[in-house]
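**Q**
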Amino acid sequence: MAEGLRERKKRQTKQRISDIATGLFLERGFTAVTVAEIAEAADVSVNTVYNYFPAKEDLFLDRMEGITHRLARMIRGRDKGESAARAVLREIRGHVTAVSPAYGLMDGYAAFMRVIDDAPTLKARLFYLQQEVVETTVAALREDTGAPPDDPMPLLVGSQIAWIQGTVIGFISAEMTAGRHPGEVSREALDLLDEIEDLLGGKVLDYAVRVG
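Residue numbers (my numbering): 9 to 220.
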């Protein structure tokens with residue numbers, strides 16, 4: 009269904025507030041900027057800011073909701089004859105090969121991470137989001153395979169799949185924060201993915217193969 013005028017204006021307003029807030033955070037740090045300052049810079053009320061972003065952390069991590077469901081989408085969209093883990097490995101390799109900003113391979117990522125490193129509440133939110141990644145991945149596996157609630161395999165395999173992504177993101181974040189070039193980090197991350205795949209056993213790599 010086509011987006012209506014009201015919905016488009018709301019989306020544009022939300023994006024403008026987020027962009028302005030991110031610029032202020034990058035310039036001055038997360039803790040130094042108040043919601044009132046963001047509202048003034050965006051020419052909206054403080055209540056309007058909170059209507060779109062329930063917490064200050066949401067202003068900086070507003071795109072994380074899509075990331076928490078990313079592995080679940082990869083699993084649900086896997087090819088016929090492909091297992092869940094192999095689908096995730098394929099998808100992540102594609103992003104890394106393309107030097108995708110979705111995995112932190114971009115100029116300016118170091119500045120983004122410095123804001124997080126200096127803000128304990130952002131670190132806490134990221135930890136919570138990582139737990140959500142595991143939960144959504146496990147839920148996707150359990151739903152897709154029809155595994156009963158007492159079957160531990162979705163939890164065991166889902167946790168390993170989340171570890172794959174977490175390890176790659178952690179490596180890329182560390183290297184990009186050190187000021188390295190995205191292309192160089194991409195090549196090394198691909199080698200890391202090969203090592204990760206070698207470490208995984210058949211129970212993980214061959215779990216939840218799509219039949220049809």
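Think of the CB as a built atom: it goes at the ideal place given N, C-alpha and C, for glycine as much as any other residue.
Keep in mind the model is a prediction, meaning the values are calculated, not measured.
Any contact between the stretch 154–170 and the stretch 102–110? By contact I mean 3 or more CB pairs, one from each, below 8 Å.
**A** no
**Q** Would you report the Cα separation of A147 and I83, rounded to the nearest angstrom?
**A** If I take the Cα positions, the gap works out to 11 Å.
**Q** Return the residue from the list K211, L149, T185 that minimises the CA-CA distance to F120.
**A** Closest option to F120, judged by alpha-carbon separation, among K211, L149, T185: T185.
**Q** Report the rounded CA-to-CA distance for D55 versus V212, giving the unit in angstroms.
**A** Note that residue 55 is Asn in the sequence shown here, rather than Asp. One C-alpha to the other measures close to 47 Å.
**Q** Can you tell me the Cα-Cα spacing of G210 and A155, whole angstroms?
**A** One C-alpha to the other measures close to 19 Å.
**Q** Which value, in whole angstroms, describes the spacing of the CA atoms of V41 and L13?
**A** 32 Å
**Q** Please confirm if E183 has its CB atom under 8 Å from at least one CB of chain B.
**A** The structure shown contains no chain B, having only a single protein chain.
**Q** Using a Cβ-Cβ cut-off of 7 Å (strictly less than) and excluding sequence neighbours within five positions of Y215, which residues of its own chain qualify?
**A** These residues qualify, in order along the chain: S91, A92, A93, M161, V165.
**Q** Under the three-state reduction of DSSP, which class applies to D27: helix, strand or coil?
**A** Three-state result, D27: helix.
**Q** Measuring straight from C-alpha to C-alpha, what distance separates T76 and T144?
**A** 7 Å
**Q** Indicate whether L113 and V193 have their beta-carbon atoms separated by less than 8 Å.
**A** yes
**Q** Name the two residues that bound the continuous alpha helix (DSSP H) containing K64.
**A** 64–68
**Q** Suppose you measure from the CA of R218 to the CA of E45; what does that come to, to the nearest Å?
**A** 51 Å
**Q** Given this structure, state the Cα-to-Cα distance separating E99 from G85, to the nearest angstrom.
**A** Cα to Cα, E99 sits roughly 10 Å from G85.
**Q** Measure the C-alpha to C-alpha separation of V107 and L200 and round it to an integer number of angstroms.
**A** 15 Å
**Q** Put T39 into one of helix, strand or coil per three-state DSSP.
**A** coil
**Q** How would you call P190, buried or exposed, if buried means at least 16 neighbouring beta carbons within 10 angstroms?
**A** buried
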